[in-house]
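*Asks:* Quick note, the numbering used here runs 20 ahead of the 1-based positions in the sequence shown. All residues carry an ideal CB built from backbone N, CA and C; glycine is no exception.
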Amino acid sequence: MNEVADMKAIGVDVGGSGCRLAVVNVHTGRIEGDVERLSHDVDTPTEPIFDALSTALNRMPDLPVGLGFPGRVHGTTVRTAPNLRSTWPGTDLAGRLARPDLVVLNDADAAAVAEVRLGSAAGEAGTVLTVTVGTGLGSGLHRNGRLVPGCEFGLLPHPTRGDVLETHASGRARDVEGLDLAAWADRFNEALGVMETAVDADLIVVGGGITEHWEAFETRLQANAAVRKARFGSDAGVIGAALMAGHLNA
Numbered sequence: 021m022n023e024v025a026d027m028k029a030i031g032v033d034v035g036g037s038g039c040r041l042a043v044v045n046v047h048t049g050r051i052e053g054d055v056e057r058l059s060h061d062v063d064t065p066t067e068p069i070f071d072a073l074s075t076a077l078n079r080m081p082d083l084p085v086g087l088g089f090p091g092r093v094h095g096t097t098v099r100t101a102p103n104l105r106s107t108w109p110g111t112d113l114a115g116r117l118a119r120p121d122l123v124v125l126n127d128a129d130a131a132a133v134a135e136v137r138l139g140s141a142a143g144e145a146g147t148v149l150t151v152t153v154g155t156g157l158g159s160g161l162h163r164n165g166r167l168v169p170g171c172e173f174g175l176l177p178h179p180t181r182g183d184v185l186e187t188h189a190s191g192r193a194r195d196v197e198g199l200d201l202a203a204w205a206d207r208f209n210e211a212l213g214v215m216e217t218a219v220d221a222d223l224i225v226v227g228g229g230i231t232e233h234w235e236a237f238e239t240r241l242q243a244n245a246a247v248r249k250a251r252f253g254s255d256a257g258v259i260g261a262a263l264m265a266g267h268l269n270a
């Protein structure tokens with residue numbers, strides 16, 4: 021057996037509406053078995069979320085674990101959590117999960133890692149911006165293949181509508197305001213324009229569950245950079261978190 025090709029890790033993707041966990045082959049990005057889903061919402065206290073995560077992880081093989089978190093992190097400690105309860109900042113995720121070797125990164129950075137290493141942006145040089153549409157509007161930036169962590173471009177101010185980009189162009193905004201796909205896509209295109217200008221992107225990869233409707237809104241995206249659908253869709257965060265854990269523990 022080729023141990024490198026067969027190396028696995030567990031990826032955890034924490035979002036505003038739930039957590040997703042899976043065992044991932046870190047050489048191919050292939051998810052082994054099913055993705056386990058744990059539901060919560062933005063108002064769920066931290067304790068039941070950690071209890072459910074710990075129980076799920078304890079049922080899984082003894083493998084390195086990577087976790088993508090929807091906010092800024094320092095090491096394994098949460099700094100900000102804009103789409104979760106205000107009690108999250110200051111939480112040591114490794115300590116609460118009793119996993120001292122836990123690898124933690126921003127959830128959008130995790131998705132970007134998956135797409136740049138093995139997905140739609142694999143082998144691309146220059147500046148690659150990965151934008152993930154979920155409860156918020158996540159963004160991950162790579163320059164010449166290297167991750168620039170913590171680039172929360174969804175929190176940039178909107179130039180005409182007020183507030184920040186994700187207020188108007190996230191999945192939550194679409195649901196709350198009852199936007200049809202075309203109206204949402206026009207708003208998302210506005211957000212892409214701001215992000216693209218901020219980083220001078222060569223390639224933009226769009227991910228998240230919204231890409232199930234890619235063919236219906238792709239033509240409404242008018243960026244100067246090339247725009248591609250993410251290869252891994254809503255699984256990118258799980259896969260990227262596992263890749264980080266697997267490679268750091270190799």
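So, helix, strand or coil for residue 166, using DSSP?
*Replies:* If DSSP states are grouped into helix, strand and coil, residue 166 belongs with the strands.
*Asks:* Leaving aside the five residues before and after residue 242 along the sequence, list all residues of the same chain whose C-beta is less than 7 Å from its C-beta, in chain order.
*Replies:* Closer than 7 Å at Cβ, skipping near neighbours: 209.
*Asks:* How far does the alpha helix (DSSP H) with residue 254 in it reach, from first residue to last?
*Replies:* It is not in any alpha helix (DSSP H) - residue 254 carries neither H nor E in the DSSP assignment.
*Asks:* Which complete beta strand (DSSP E) runs does the region 26-104 hold, if anything under 3 residues is left out?
*Replies:* DSSP runs (the beta strand (DSSP E)) wholly in the region 26-104: 28-34, 38-45, 51-59 and 85-89.
*Asks:* For my contact list, residue 150 and residue 128 are in at a C-beta cut-off of 8 Å; report their separation, rounded to the angstrom.
*Replies:* 7 Å between Cβ atoms; contact.
*Asks:* Check each candidate in 226, 57 and 238 and name the one with the smallest Cα separation from residue 152.
*Replies:* Selected option, being the one with the closest Cα: 226.
*Asks:* Could you check whether the region 116-124 touches the region 65-75, counting it as contact only if at least three pairs of C-beta atoms, one from each stretch, sit closer than 8 Å?
*Replies:* Verdict: yes, contact present.
*Asks:* For residue 233, count the other beta carbons within 10 Å of its own beta carbon; 16 or more makes it buried, fewer makes it exposed. Which is it?
*Replies:* So residue 233 ends up on the exposed side.
*Asks:* Looking at residue 236 and residue 140, is the spacing between their C-beta atoms short of 8 Å?
*Replies:* Against a cut-off of 8 Å, the Cβ pair of residue 236 and residue 140 comes out as no contact.
*Asks:* Go to residue 149, then tell me how far its alpha helix (DSSP H) extends in each direction, as first and last residue.
*Replies:* No alpha helix (DSSP H) contains residue 149, which is instead part of the beta strand (DSSP E) from 147-153.
*Asks:* Please classify residue 111 as buried or exposed, where buried requires at least 16 other C-beta atoms within 10 Å of its C-beta.
*Replies:* Under this definition residue 111 is a buried residue.
*Asks:* Can you say whether residue 50 is buried or exposed, counting buried as having 16 or more other CB atoms within 10 angstroms of its CB?
*Replies:* So residue 50 ends up on the exposed side.
*Asks:* Apart from the five residues on each side of it in sequence, which residues of its chain come closer than 7 Å, Cβ to Cβ, to residue 352?
*Replies:* An answer regarding residue 352 cannot be provided, because it is not within the stretch 21 to 270 covered by the chain.
*Asks:* Leaving out five residues before and five after residue 65 in sequence, what residues of the same chain have Cβ atoms less than 8 Å from its Cβ?
*Replies:* Contacts found: 105 and 107.
*Asks:* Under three-state DSSP, which class holds residue 175?
*Replies:* In this structure, residue 175 counts as helix in the three-state DSSP scheme.
*Asks:* Buried or exposed for residue 126, please, with buried defined as at least 16 other CB atoms from any protein chain shown within 10 angstroms of its CB.
*Replies:* Its Cβ being crowded by 16 or more others within 10 Å, residue 126 is buried.
*Asks:* So which of 41, 39, 187 and 79 has the shortest CA-CA distance to residue 102?
*Replies:* For residue 102, the nearest C-alpha among the options comes from 187.
*Asks:* Quick one: what's residue 112 bridged to in DSSP?
*Replies:* Looking at the DSSP assignment, residue 112 forms a beta bridge with 97.
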